[in-house]
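Enquirer: I have a structure here, written as structure tokens, and I will follow up with some questions on it.
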Amino acid sequence: MKDVSCEYKERKKPGLRAGYGKELEQRLDRLEEVIQTQARLIETHILQSQPRLNHEFPHPGPHSYSSPSEPSAAHGPSPRNAAYFHEPSSVPAHPRPSDASITSPSDISVRNVMHNHLTSGLNPPIPIPQVSDTTHPSDYTGNESSLKVPVNLFSNQEQSFADPELDLPPYDLLYALVDLYFDHINSWCPILHRRTTLDTFFGPSPLEEADRMVLYAIVATTLRFSSDSRLNEQNRKRYHDSSKQKVLLYGLENSSVRALQALVILALDLVGSSNGPPGWKLLALITRSVVQLGLAVESKSSLIAPVYPSIYTLRAVTLPDSESWIEDEGRRRLFWMVYFLDRYSTLATAFDFTLDDKDIDRKLPCKDEFFMKNQPVETRWFHHSGDRADYLKRAENVGSFGLYVEILGIMSRIHTFLKRPVDIGALSDVEEWQATYRKLDGELAAWEFGLPAEYAYENSSRLFNGSKSNKGLPCDWVQLHATYQTAVIRLHSSAAYPTTRSPIFTPSYSASQRCLFAVENILSVTRFVVDNNMLDKLGPPFAFTLWVSARLLLVHGSTIAHTVSPDIIFFVDTLAQMGTYWKVAERYSTILQRVLDEYGEYQQSGVEDSERVTPSSVKILADMRRCAFDLDFLISRQPRSSPAGSQPTVPTPAAHPRNLAPNELEYLDVFGFFNVPRVPAARAPDITDLDINETVNNPMSINGLTGSVVDGAAPNANEFNITNYLIPTPETDWLFRSEG
């Protein structure tokens with residue numbers, strides 16, 4: 001043809017590319033294996049639902065219900081292919097149904113499966129209900145969808161509840177518990193990849209023992225959220241105790257990432273039940289294990305391969321390299337969750353952190369969306385000092401969990417700072433204390449200023465004024481800002497409401513205003529959480545924030561305000577609601593309510609004293625705080641046992657034994673958090689001179705502390721600042737004196 005250009009391309013080899021047929025055959029084999037596995041699952045449950053006909057086939061004896069707690073053979077059933085039921089070995093094999101078309105539960109698709117008669121003597125099988133098919137465009141999308149497993153898929157599940165030998169719930173309930181875990185716990189403990197976890201638990205392959213331990217831990221931690229009518233108190237306790245014991249025993253005998261994941265998830269259950277010794281023991285095991293496994297550092301960290309290695313300094317790498325980026329990111333998130341638990345369990349006590357920042361050389365976790373979609377990204381390093389030049393690189397890939405870790409790092413430094421004793425009678429010590437205080441305040445301000453726009457607190461004001469159906473405020477945002485406000489209260493309460501004072505160490509008015517502003521922000525966030533029914537998706541860390549806020553209101557009421565804010569009732573009620581799921585929140589609420597009841601009884605007693613310096617309604621709170629301070633002082637000055645063979649230079653007198661009343665310990669729980677600054681031990685009175693029940697004639701003295709002479713100062717230079725609180729004023733505020 002005229003005026004038509006012809007193009008002749010290079011001839012290619014005809015046919016499919018090399019290896020394509022083999023790949024296709026392998027894919028078909030895998031699909032066929034899945035279909036056959038699901039067919040066996042359906043047959044097993046149909047047999048379970050039919051009446052037993054002894055004349056049709058030999059009775060196999062009691063059915064052996066399998067569960068992930070019992071190892072399976074290489075070809076044995078798994079949670080997906082047998083729903084934790086062993087196939088009776090004596091039941092003859094039956095032909096596979098030709099019309100069965102079932103995909104894996106992780107794809108959430110079950111299609112109208114109808115079986116032919118399994119044997120001539122059996123009744124027609126029960127049809128499987130149809131569930132809407134949901135397909136996923138890739139292997140790592142659709143992670144946010146909930147699991148849809150029909151409860152009536154299995155018609156005879158009651159027997160599994162009655163069998164005491166079974167340590168896991170039935171298949172459908174187990175599936176629902178895993179779903180509840182991702183809805184209620186993984187939102188603030190994001191250490192598991194949803195899709196990978198579901199495929200592992202309910203995939204065609206037999207479940208390995210380490211994976212079973214993670215499943216046990218999920219069951220023990222998530223039972224509190226299930227409202228299934230089949231879970232009575234007896235069944236709940238049986239499943240919980242059995243799962244807990246298996247995870248603990250396995251964790252003591254095995255060192256692996258999976259074992260550590262199971263222990264961490266179980267630790268959430270213990271920490272959520274009580275902030276006491278049971279959780280401390282498990283956390284001690286976890287924190288040492290995470291360092292020994294090398295999870296506290298990146299694989300190329302200088303802490304693993306120092307410049308001048310030696311037998312002593314070179315750490316043994318016990319874990320194999322990660323097989324995928326998801327596994328590598330999962331290890332990183334696992335470590336930071338251990339860091340999270342170590343910090344929260346220590347912040348409420350006078351202990352030191354188990355994980356030292358000097359042992360940490362890790363990058364921050366990435367955004368959840370990258371983790372869920374298996375999209376490898378690089379993030380910045382954890383910043384605990386200014387010696388890393390590349391700290392700010394790739395900051396855009398850090399999500400809420402990484403920002404959470406950073407604010408926990410700042411709060412850790414605040415905790416360490418407040419634990420350090422300060423001589424408030426020495427000008428050099430006070431100036432050093434104030435300089436460190438301002439530095440930490442600057443770190444808090446810089447962290448808030450550097451938040452990405454989607455996490456900024458200012459951009460959330462529209463959400464507080466919106467409708468209750470607004471879903472724009474995720475749980476991770478709530479926990480992020482709740483932790484930040486807790487850090488603000490922790491730092492500034494030390495300057496706003498000090499338990500002791502001196503002419504050069506006085507309360508700060510600006511610090512008290514910052515504490516109150518932080519409580520107001522927490523109150524706004526909490527009201528939004530309650531109004532939008534998000535409380536069950538927040539864990540014990542949020543309860544700790546409410547606990548700190550309520551106690552701050554009590555301290556402020558006993559010092560500056562001379563009355564208790566009515567907002568404390570909202571905090572107490574919210575903690576009581578959280579107590580439905582987390583017993584530690586219930587304990588917080590109970591203690592606060594008892595203190596408020598005692599405070600109310602004192603108000604209604606009609607006691608009047610016109611000469612009293614502080615109003616009668618406040619004196620009871622001041623006395624409570626005084627009692628807590630004396631108890632704290634008494635406990636911290638107890639002599640510690642000397643090492644074997646060592647002789648003390650000065651004999652230590654024995655302390656007077658005395659039984660403490662329950663209300664005294666509750667006062668310590670409420671007010672002990674604010675017993676700062678710490679007094680140096682060298683200036684402490686002898687322990688035998690302390691009696692917290694004695695009558696103090698001089699309200700400015702504190703068990704003889706004010707009578708000591710420091711740096712040539714006159715007696716009574718240091719004053720007790722509880723029962724006779726010095727109200728700060730803006731004019732005498734030292735916090736911003738340098739800025740004026």
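With the first letter of the sequence shown counted as 1, position 449 gets the number 449 in the UniProt record's numbering; the numbers rise by one all the way through. Glycine included, C-beta positions come from ideal geometry on N, C-alpha and C. Model, not experiment: these values are computed from the prediction.
Closest to arginine 236 by C-alpha separation, out of Phe201, Leu173 and Ser187, would be which residue?
Expert: Here the closest residue by C-alpha is Leu173.
Enquirer: Hey, how far is the Cα of serine 494 from the Cα of leucine 418?
Expert: Roughly 8 Å separates the two Cα atoms.
Enquirer: Report the option in Leu403, Pro730, Ala511 and Leu535 whose CA atom is closest to the CA atom of arginine 490.
Expert: Ranking the options by Cα distance to arginine 490, first place goes to Ala511.
Enquirer: Aspartate 107 by DSSP, collapsed to three states: which one?
Expert: Residue confidence is low: aspartate 107 scores 40 on pLDDT, short of 50, so the model does not pin down where it sits. No coordinate-derived value is stated.
Enquirer: Would histidine 240 and threonine 346 qualify as a contact pair, given that the criterion is a beta-carbon distance under 8 Å?
Expert: The answer is no: Cβ separation not under 8 Å.
Enquirer: Could you check whether the stretch 581-591 touches the stretch 270-283, counting it as contact only if at least three pairs of C-beta atoms, one from each stretch, sit closer than 8 Å?
Expert: In short, these stretches touch, since the Cβ pair count reaches three.
Enquirer: To the nearest angstrom, how far is it from the Cα of arginine 331 to the Cα of alanine 518?
Expert: Cα to Cα, arginine 331 sits roughly 34 Å from alanine 518.
Enquirer: Would you call the CB atoms of isoleucine 410 and alanine 348 closer than 8 Å?
Expert: Against a cut-off of 8 Å, the Cβ pair of alanine 348 and isoleucine 410 comes out as no contact.
Enquirer: Could you check whether the stretch 531-538 touches the stretch 209-220, counting it as contact only if at least three pairs of C-beta atoms, one from each stretch, sit closer than 8 Å?
Expert: Flag = no, the stretch 531-538 and the stretch 209-220 do not touch.
Enquirer: Please name the residue, chosen from Tyr599, Thr499, Thr379 and Thr526, that lies closest to leucine 575 on a Cα-to-Cα basis.
Expert: If we check each option's Cα against that of leucine 575, Thr526 comes out closest.
Enquirer: Measuring CA to CA, which of Ser549, Leu268 and Ser558 is closest to asparagine 521?
Expert: Nearest of Ser549, Leu268 and Ser558 to asparagine 521, Cα basis: Ser549.
Enquirer: Where leucine 427 and proline 541 are concerned, what is the direct C-alpha to C-alpha distance, given to the nearest angstrom?
Expert: Each residue's Cα considered, the two are about 37 Å apart.
Enquirer: Which whole-angstrom value is the C-beta distance of methionine 578 and leucine 535, which I expect to be below 8 Å?
Expert: Contact flag correct, Cβ pair sits at about 6 Å.
Enquirer: So for cysteine 366, helix, strand or coil by DSSP?
Expert: Reduced to three states, the DSSP call for cysteine 366 is strand.
Enquirer: Let me know the secondary structure DSSP gives phenylalanine 449 once reduced to three states.
Expert: In this structure, phenylalanine 449 counts as helix in the three-state DSSP scheme.
Enquirer: Where serine 400 and serine 558 are concerned, what is the direct C-alpha to C-alpha distance, given to the nearest angstrom?
Expert: Those two C-alpha atoms are separated by around 36 Å.
Enquirer: Quick one: grab the DSSP three-state call for tryptophan 280.
Expert: In the structure shown, tryptophan 280 sits in a helix (DSSP, three-state: H, G or I).
Enquirer: Measure the C-alpha to C-alpha separation of aspartate 199 and leucine 207 and round it to an integer number of angstroms.
Expert: Cα to Cα, the separation comes out at about 10 Å.
Enquirer: Reducing DSSP to helix, strand and coil, say where tryptophan 188 ends up.
Expert: Coil.
Enquirer: Please state the DSSP three-state secondary structure of serine 565.
Expert: The answer is coil: DSSP assigns serine 565 none of H, G, I, E or B.
Enquirer: Glycine 279 and leucine 270: beta carbons closer than 8 Å?
Expert: Yes, they are a contact pair.
Enquirer: Return yes when the Cβ of tyrosine 457 is within less than 8 Å of the Cβ of histidine 492, no when it is not.
Expert: In this structure, tyrosine 457 does not lie closer than 8 Å to histidine 492 by Cβ.
Enquirer: Using C-beta distances below 6 Å, list every residue in its chain close to aspartate 476, excluding the 5 sequence neighbours before and after it, in chain order.
Expert: Around aspartate 476: Ser400.
Enquirer: For valine 271, which residues does DSSP report across the bridge?
Expert: DSSP lists no partner for valine 271.
Enquirer: Just verifying my parser: in three-state terms, what is the DSSP assignment at aspartate 423?
Expert: Of the three classes helix, strand and coil, the one that applies to aspartate 423 here is coil, per DSSP.
Enquirer: Determine, using beta carbons only, whether valine 338 and valine 405 come nearer to each other than 8 Å.
Expert: No, the Cβ-Cβ distance between valine 338 and valine 405 is not below 8 Å.
Enquirer: Any idea what DSSP makes of valine 430, helix, strand or coil?
Expert: Reduced to three states, the DSSP call for valine 430 is helix.
Enquirer: Taking the Cβ atom as the reference point for each residue, do proline 507 and proline 728 lie within a distance shorter than 8 Å?
Expert: Yes; because the gap between Cβ atoms is below 8 Å, this pair is in contact.
Enquirer: Does the stretch 225-232 come close enough to the stretch 201-215 to have 3 or more Cβ pairs within less than 8 Å?
Expert: No contact exists between the stretch 225-232 and the stretch 201-215.
Enquirer: If I measure Cβ to Cβ from isoleucine 504 and keep anything under 8 Å in the same chain, skipping five residues before and after, which residues do I get?
Expert: Same-chain partners within the cutoff: Ile424, Gly425, Leu427 and Val430.
Enquirer: Using 10 angstroms around the beta-carbon of alanine 446, count the other beta-carbons present and answer buried if the total reaches 16, otherwise exposed.
Expert: Exposed: under 16 other Cβ atoms inside 10 Å.
Enquirer: Between threonine 318 and the rest of its own chain, which residues show a CB-CB distance below 8 Å, the 5 nearest in sequence each way excluded?
Expert: Result list for threonine 318: Ser255, Gln292, Leu293 and Gly294, in chain order.
Enquirer: Valine 297 by DSSP, collapsed to three states: which one?
Expert: Three-state DSSP puts valine 297 in a strand.
Enquirer: Taking the alpha-carbon positions, what's the serine 242 to aspartate 167 distance?
Expert: Cα-Cα distance, rounded: 6 Å.
Enquirer: Flag this pair as touching only if the stretch 249-265 and the stretch 565-575 have three or more C-beta atom pairs under 8 Å; answer yes or no.
Expert: No: fewer than three Cβ pairs fall under 8 Å.
Enquirer: Return the CA-CA distance between threonine 545 and tyrosine 455, expressed in angstroms with no decimal places.
Expert: The alpha-carbon atoms of threonine 545 and tyrosine 455 are separated by roughly 19 Å.
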